[in-house]
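Reading through the structure tokens given below for one structure.
In my numbering, the protein residues as written are 3 to 130.
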């Protein structure tokens, strides 16, 4: 009984604080119809003010890539440390590998081992 009441209370609050509760209760996030999940409005507090911020679900980077570029990205990703530290400016090592394969980033962009693997990445990029 109490669990059911607690879950009901959480769902009611999720309608208002959608993204905030999604990070703490991910299993409950998709218990609503999709139309209620997106768009998500969540409160953002500033000094003595209350605002709503709009958030939509879309990927961090969208690339149109062909199979050759994807293969190069996979090879580059195998050389990267896979720590997803974000020091390069990308949220994951795979995004960095895609950017390097698309020639949007330099081969030594990785802050951890960039200078050590730059020659190998350049060899991969020269392959056709």
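By construction, the Cβ of each residue, glycine as well, lies at the ideal position given by its N, Cα and C atoms.
At least 8 angstroms separates the beta-carbon of residue 109 from that of residue 82. Taking all protein chains shown into account, residue 70 has fewer than 16 neighbouring C-beta atoms within 10 Å of its C-beta and is therefore exposed. Cα atoms of residue 116 and residue 104: separation of roughly 17 angstroms, rounded to the nearest angstrom. If you draw a straight line from the Cα of residue 96 to the Cα of residue 78, it is about 9 angstroms long. In the DSSP annotation of this structure, the continuous segment of the alpha helix (DSSP H) that includes residue 100 starts and ends at 95-103. Taking C-beta separations shorter than 7 angstroms and ignoring five residues to either side along the sequence, the partners of residue 122 in its chain run 81, following chain order.
Collapsing the DSSP output to three states places residue 82 in coil.
By the Cβ neighbour-count rule, residue 74 is buried, with 16 or more other Cβ atoms within 10 Å of its own.
Within the same chain, and ignoring the five residues on either side of residue 107 in sequence, the residues whose Cβ sits closer than 6 angstroms to its Cβ are 101.
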